[in-house]
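Residue numbers (the UniProt record's numbering): 1 to 231.
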């Protein structure tokens, strides 16, 4: 089948603002958007710039707006999109070139919540054990691949300084881990002006997550955890 890719282009060295360019490619219905982008890059226009790595929905590198929705190009099938596909960079980030955005502010917010296990107690003879019930409390938020789809889908993120859904999801993963001992420190960070209370429960983040994480639910659990600790 033949499809037309309408791709937003921008080179800050030569362009004053973004513009769109169309490319016609022959693809199979079961090809992914990433396959079509690769075809353009390899055979039609080598200047097209986008990120990609594992091509299996694990690394999160190829997050972009596809027909107005934040998706991973390596997971979206051509047959589910139709003959004309609009591809744009994620919203809310500075464009470096074409579909590549500056992710450093995103990762800076992620690092703010201390996204690692903190436990200074003497290590046990065996590993620190958990029950299945304890593990289940944070199992969903372990799935985050830091693609930024959820954060970029949030209109609060577009206009305000705040941690964003992905950072809170990763804070949740350790807040509800029975082995971690930094609850107080993380909650203090999340309870600040730029923290969890900026969320307006819009659910864009949940819809955008390519891993199916219940992002909004995780954020609400963190809010309740703050209120519980303060009571």
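C-beta: ideal position from N, C-alpha, C; glycine also.
State the beta-bridge partners of residue i as determined by DSSP.
i, result
"residue 5", "23 and 85"
"residue 70", "65"
"residue 113", "In DSSP, residue 113 forms no bridge with anything."
"residue 97", "100"
"residue 77", "32"
Can you find the residues in the same chain that come closer than 7 Å, C-beta to C-beta, to residue i, ignoring five residues on each side of it along the sequence?
i, result
"residue 35", "27"
"residue 209", "149, 150 and 215"
"residue 67", "81, 85 and 86"
"residue 206", "214, 215 and 216"
"residue 145", "58, 59, 60 and 211"
"residue 229", "187"
"residue 55", "34 and 74"
"residue 222", "168, 171, 172, 175, 190 and 196"
"residue 183", "175"
Compute the beta-carbon to beta-carbon distance between residue i and residue j, rounded to the nearest angstrom, for a pair I have assumed lies under 8 Å.
i, j, result
"residue 149", "residue 70", "4 Å"
"residue 49", "residue 97", "5 Å"
"residue 10", "residue 95", "5 Å"
"residue 180", "residue 219", "With 8 Å as the limit, residue 180 and residue 219 do not qualify as a contact, their Cβ atoms being about 18 Å apart."
"residue 74", "residue 52", "7 Å"
"residue 83", "residue 16", "With a Cβ gap of about 31 Å, residue 83 and residue 16 do not count as contacting."
"residue 32", "residue 77", "6 Å"
In chain order, what residues of the same chain have a beta carbon less than 8 Å from the beta carbon of residue i, not counting five sequence neighbours either side?
i, result
"residue 90", "63, 64, 65, 70, 101, 148, 149 and 152"
"residue 93", "101, 102, 103, 105, 106, 148 and 152"
"residue 161", "194"
"residue 22", "4, 5, 6 and 7"
Which residues in the same chain as residue i place their Cβ atom closer than 6 Å to its Cβ, once the five residues preceding and following it in sequence are excluded?
i, result
"residue 8", "18, 20 and 88"
"residue 177", "138"
"residue 164", "109, 151 and 157"
"residue 142", "173"
If you measure from the beta carbon of residue i to each beta carbon in chain B, is any gap under 7 Å?
i, result
"residue 65", "Absent from the structure: chain B. Only one protein chain is present."
(request) Evaluate contact between the stretch 131 to 151 and the stretch 187 to 199, counting only Cβ atoms and requiring at least three cross-stretch pairs below 8 Å. (result) Contact fails: fewer than three Cβ-Cβ distances are below 8 Å.
(message) Which complete beta strand (DSSP E) runs does the stretch 142 to 222 hold, if anything under 3 residues is left out?
(response) none
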